[in-house]
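Participant: Residues in the sequence shown are numbered consecutively from 1, following the UniProt record's numbering.
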Amino acid sequence: MTTSSLIANLPKWRAMPDEQYTALKTDVRSSEDAHGAKELTPAQRNVLFNHGTEQAFNNEYYACKSSGTYICRACHLALFSSEDKFDSGTGWPSFVSPIDYRVVAYTHDTSHNMERIEVHCANCGAHQGHVFNDGPTPTGLRFCINSASILLRPGDSK
């Protein structure tokens, strides 16, 4: 099965009630505010807005075991749960799924002589990483996400 066909089935696998999804967006910055966020470092801006990739094994969250929700560093939309995080051995935070299929968007990426699917924040469009079809059950997907593009909000993971 291709990554594209797995992604097409993801909405059927993970969807929260509309009220809960709407509540996720209460503390979210607008797309315009996200791109102008003053607290971002040059490296974070490169990943978020220039589709950059941080160095493997030398980033904030690849080995993090803390519970919580990972939010978009640019606009603060909740994207991933620590409950869905796993050690992929790649040196980047990896997740089997976003917390809801509506929080991420996808584009076809053919940069660097590779064919991949790029993951973006659905609210502000910031680059998060890529998704691959070599992940564990239940989705078979590996969302390989840059630490520079996310923040861990400690506490409840959903």
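Virtual Cβ for every residue (Gly too), placed ideally from N, Cα, C.
1. In chain order, which alpha helix (DSSP H) runs of at least 4 residues are fully inside the UniProt domain "MsrB" (33-155)?
2. Answer yes or no: do P93 and C64 have a C-beta to C-beta separation smaller than 9 angstroms?
3. Would you please state the rounded distance, in angstroms, between the beta carbons of C121 and L77? I believe it to be under 8 angstroms.
4. Should T69 go down as buried or exposed, given a rule of 16 or more other Cβ atoms within 10 Å for buried?
5. For H130, is the classification buried or exposed, using 16 other Cβ atoms within 10 angstroms of its Cβ as the cut-off for buried?
6. Rank A126, D87, S66 by C-alpha distance to the C-alpha of P136 and give the top, closest one.
7. Exposed or buried, what is N123 when buried is set at 16 or more other beta-carbons lying within 10 Å of its beta-carbon?
8. As a quick exercise: from A126, R142, N133, T139, pick the residue whose alpha carbon is nearest that of N50.
9. Measure the C-alpha to C-alpha separation of F143 and P42 and round it to an integer number of angstroms.
10. Using 8 angstroms for Cβ pairs, my map puts Q128 next to L79. What's the rounded Cβ distance?
11. Would E118 and Y106 qualify as a contact pair, given that the criterion is a beta-carbon distance under 9 angstroms?
12. If you drop the 5 nearest sequence neighbours on each side, which residues of the same chain put their C-beta closer than 8 angstroms to that of I150?
13. Should N59 be flagged as near chain D, meaning a C-beta pair shorter than 9 angstroms?
14. Quick test of your reading: F95 and D84, contact by CB under 8 angstroms. State the CB separation rounded to the nearest angstrom.
15. By alpha-carbon positions, which one of A37, N59, E39, K38 ends up nearest to S147?
16. Give me the Cα-Cα distance between E115 and L40, rounded to the nearest whole angstrom.
Facilitator: Put simply:
1. 42-50
2. Position 93 of the sequence shown holds residue 93. Position 64 of the sequence shown holds residue 64. Yes; because the gap between Cβ atoms is below 9 angstroms, this pair is in contact.
3. Residue 121 sits at position 121 when you count from the first residue of the sequence shown. Residue 77 sits at position 77 when you count from the first residue of the sequence shown. Yes, they are in contact, since the Cβ atoms of C121 and L77 sit about 6 angstroms apart, within 8 angstroms.
4. Taking the first residue of the sequence shown as 1, we reach residue 69 at position 69. With a 10 Å radius around the Cβ and a threshold of 16 neighbouring Cβ atoms, T69 comes out buried.
5. Residue numbering aside, residue 130 sits at position 130 when the sequence shown is read from its first letter. Under this definition H130 is a buried residue.
6. As a working note, residue 136 is residue 136 in the sequence shown. Taking only the C-alpha atoms, the option nearest P136 is D87.
7. Within the sequence shown, the letter at position 123 stands for residue 123. Burial call: buried.
8. What you label residue 50 is simply residue 50 of the sequence shown in a count that begins at 1. Comparing Cα-Cα distances from N50 to each of A126, R142, N133, T139, the minimum goes to A126.
9. Position 143 of the sequence shown, counted from the first residue, corresponds to residue 143. Position 42 of the sequence shown, counted from the first residue, corresponds to residue 42. About 24 angstroms.
10. Within the sequence shown, residue 128 is the residue found at index 128, counting from 1. Within the sequence shown, residue 79 is the residue found at index 79, counting from 1. Indeed they touch by this definition, with Cβ atoms about 7 angstroms apart.
11. Mapped onto the sequence shown, residue 118 falls at position 118. Mapped onto the sequence shown, residue 106 falls at position 106. The answer is yes: Cβ separation under 9 angstroms.
12. Within the sequence shown, numbered from 1, the residue matching residue 150 stands at position 150. So the list reads Y61, Y70, I71, C72, R73, L79, F80, P93, Q128, once near-sequence residues are dropped.
13. Any reference to chain D falls outside this structure, which holds one protein chain only.
14. Position 95 of the sequence shown, counted from the start, is the residue given in the question as residue 95. Position 84 of the sequence shown, counted from the start, is the residue given in the question as residue 84. F95 to D84, Cβ: 5 angstroms. Contact.
15. For the purposes of this step, residue 147 is taken as the residue at position 147 of the sequence shown. For S147, the nearest C-alpha among the options comes from N59.
16. For the purposes of this step, residue 115 is taken as residue 115 along the sequence shown, with counting starting at 1. For the purposes of this step, residue 40 is taken as residue 40 along the sequence shown, with counting starting at 1. About 29 angstroms.
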